[in-house]
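Numbering (the UniProt record's numbering), first residue to last: 1 to 623.
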């Protein structure tokens, strides 16, 4: 009984008995306690030996109570069994119904999810995904950006938010595209002239090299640097200077074909690229540009004269890369500016960075230190008397490997390497020592020595020459210093100061190659000059060219009016001599008289010339 009660209490706690079962359990527990009390009383009676007297009690009280409890227990057990079976069946039915409902709910939920995802995919995810792919597909090339198929295939949608997103993206792409074009243009073009810049130039050279290399054609690189632009810019202001650059860029474009390329490298420097051309065509273009720049620029109320210096390099002759072509053209351009000759074609011999040039510089330095240079002397003859009154000292260098090195190459080499002052002092010293020897032998001659721009800027030049006179024991009348127009015009104020100092020492000064530079009579009248030399380019053909004859006559008259004597270079024949004598030229110099020769040969020639102290009309005898 106790065991059954324990089980029933467990089920009561688990909530399996229900109200009726719980009430029956309470009644059963009450009856069980009563039975247990009676049972204990019976045990007491039994133990006391009086139990037989109590048999009616057992039969009338205990036994009926026991049967009643037992019946209650059986009834409760049966009730529990039936209740449990019914609960199990009910639970099974509920579980099945719940399962079916759950599956139906899951199915409906899945359908709802699929439908929602489809709508989301079509109206939001797919458009956003295509926008993302369009962004990733774009190459950000200003020429094709916004025109790719990725953007063209962007979907149309009825959803306002997505449609607004796509429209916003399209507008953003257009703005980015436009901004990208602007940035690329600014990065590859000059803001002032709208011409391509150095970056664009290098890219174009690479492209053209690829095109012409297979066809074995040439490319010409022309580098232009404007003359006198800094003076205009500093005097009239940067704003007007900018307008000059804009006008120059227009003139450059007008001189070229549509297939040619013009670029502004910065400042007053321009680059021109001619593809598939010959050297002659490059020369023709350079000549057209120089002529175009010689036409005055009319800006506001100003009429500006501006020139240019051009350097030319060729692919593949001078270089096979953009940098090498530009560098070679730059070297040629500076040579053109130095010579004031319009344009110069690149020559490795004039390149300070070429291997041959570096070797030549080293050899020249050694030759100067070891006294391996020579001076040749070309006589100057007075027209009236036929007397040799002087000579010009001309530098000569016979290189052991390269042979004769022309002064045209040697002088720039000395200027560019900083050896020009040492070279000039060597020439002065050698010439004065030789003049002293001639003077001791009775030959009263003056020796003409050429000076460069750097010599006029040498503050110690006058002191060196003064000491040289003392060491050689000769007077200043034995020295004539010749200076070209371009040298004087490079720094006229400084040139005038130095020349006044030299003239104050009694040294005679001459203008060499008069007429080849940009002559300035204003400066000419300020200079302490004694002599003017007419360039041989005007003298050689004056008998056949009336213009040359007029120029020579005008120069002679001008010089005499300024109190200067005149020397004519390039006297090649008797006819030129006679014409110069008629034009009242003072002194002659040229191959008709004698070529330049070493000092010992000059002395022998001088002895033979002295056989004819008086000039006769038959001048062929004195050659």
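We treat Cβ as the ideally placed atom computed from N, Cα and C, and that holds for glycine.
DSSP three-state assignment for residue i, whether helix, strand or coil
i, result
"residue 617", "Here residue 617 scores only 44 on pLDDT, less than 50, and its place in the model is too uncertain to base an answer on."
"residue 425", "helix"
"residue 53", "Residue placement at residue 53 is flagged as unreliable, the pLDDT there being 49, under the threshold of 50; a coordinate-derived value is accordingly withheld."
"residue 334", "helix"
"residue 207", "helix"
"residue 383", "coil"
"residue 226", "strand"
"residue 512", "strand"
"residue 263", "strand"
"residue 404", "strand"
"residue 561", "helix"
"residue 587", "strand"
"residue 592", "coil"
"residue 398", "strand"
"residue 370", "coil"
"residue 312", "strand"
"residue 346", "coil"
"residue 12", "helix"
Contacts around residue i, its chain only, beta-carbon distance under 7 Å, and the 5 residues preceding and following it disregarded
i, result
"residue 400", "none"
"residue 606", "388 and 443"
"residue 296", "303, 304 and 305"
"residue 591", "572"
"residue 333", "223, 225, 309, 310 and 311"
"residue 259", "275"
Residues near residue i in its chain [Cβ-Cβ closer than 6 Å; skip 5 each side]
i, result
"residue 549", "542"
"residue 627", "There is no way to answer for residue 627, as the model of the chain reaches only from 1 to 623."
"residue 24", "76"
"residue 581", "383"
"residue 31", "69"
"residue 200", "188"
"residue 365", "none"
Cα-Cα separation between residue i and residue j, rounded to whole angstroms
i, j, result
"residue 2", "residue 60", "23 Å"
"residue 345", "residue 329", "8 Å"
"residue 35", "residue 68", "10 Å"
"residue 189", "residue 266", "11 Å"
"residue 496", "residue 603", "35 Å"
"residue 586", "residue 532", "10 Å"
"residue 535", "residue 206", "45 Å"
"residue 641", "residue 560", "Because the chain here runs from 1 to 623, residue 641 falls outside it and cannot be looked at."
"residue 150", "residue 116", "Here residue 150 scores only 49 on pLDDT, less than 50, and its place in the model is too uncertain to base an answer on."
"residue 104", "residue 168", "43 Å"
"residue 363", "residue 209", "36 Å"
"residue 261", "residue 269", "14 Å"
"residue 176", "residue 203", "24 Å"
"residue 412", "residue 341", "14 Å"
"residue 414", "residue 453", "12 Å"
"residue 434", "residue 599", "8 Å"
"residue 431", "residue 277", "49 Å"
"residue 128", "residue 194", "40 Å"
"residue 424", "residue 301", "46 Å"
"residue 112", "residue 99", "20 Å"
"residue 579", "residue 321", "54 Å"
Supposed close pair residue i, residue j - CB separation, criterion 8 Å
i, j, result
"residue 319", "residue 226", "24 Å between Cβ atoms; not a contact."
"residue 459", "residue 507", "Not confirmed; about 16 Å, so no contact."
"residue 27", "residue 72", "7 Å"
"residue 428", "residue 468", "6 Å"
"residue 482", "residue 451", "7 Å"
"residue 376", "residue 394", "5 Å"
"residue 505", "residue 466", "6 Å"
"residue 343", "residue 290", "7 Å"
Test item: CB-CB of residue i and residue j under 7 Å
i, j, result
"residue 566", "residue 556", "yes"
"residue 529", "residue 509", "yes"
"residue 314", "residue 220", "yes"
"residue 282", "residue 273", "no"
"residue 539", "residue 563", "no"
"residue 374", "residue 396", "yes"
"residue 378", "residue 596", "yes"
"residue 588", "residue 381", "yes"
"residue 255", "residue 218", "no"
"residue 263", "residue 196", "yes"
"residue 447", "residue 391", "yes"
Residue i at chain B interface by Cβ criterion, 7 Å
i, result
"residue 102", "The structure shown has no chain B; it contains just one protein chain."
Cβ neighbours of residue i in the same chain (closer than 8 Å, five flanking residues each side left out)
i, result
"residue 553", "583"
"residue 398", "374, 404 and 405"
"residue 4", "73 and 77"
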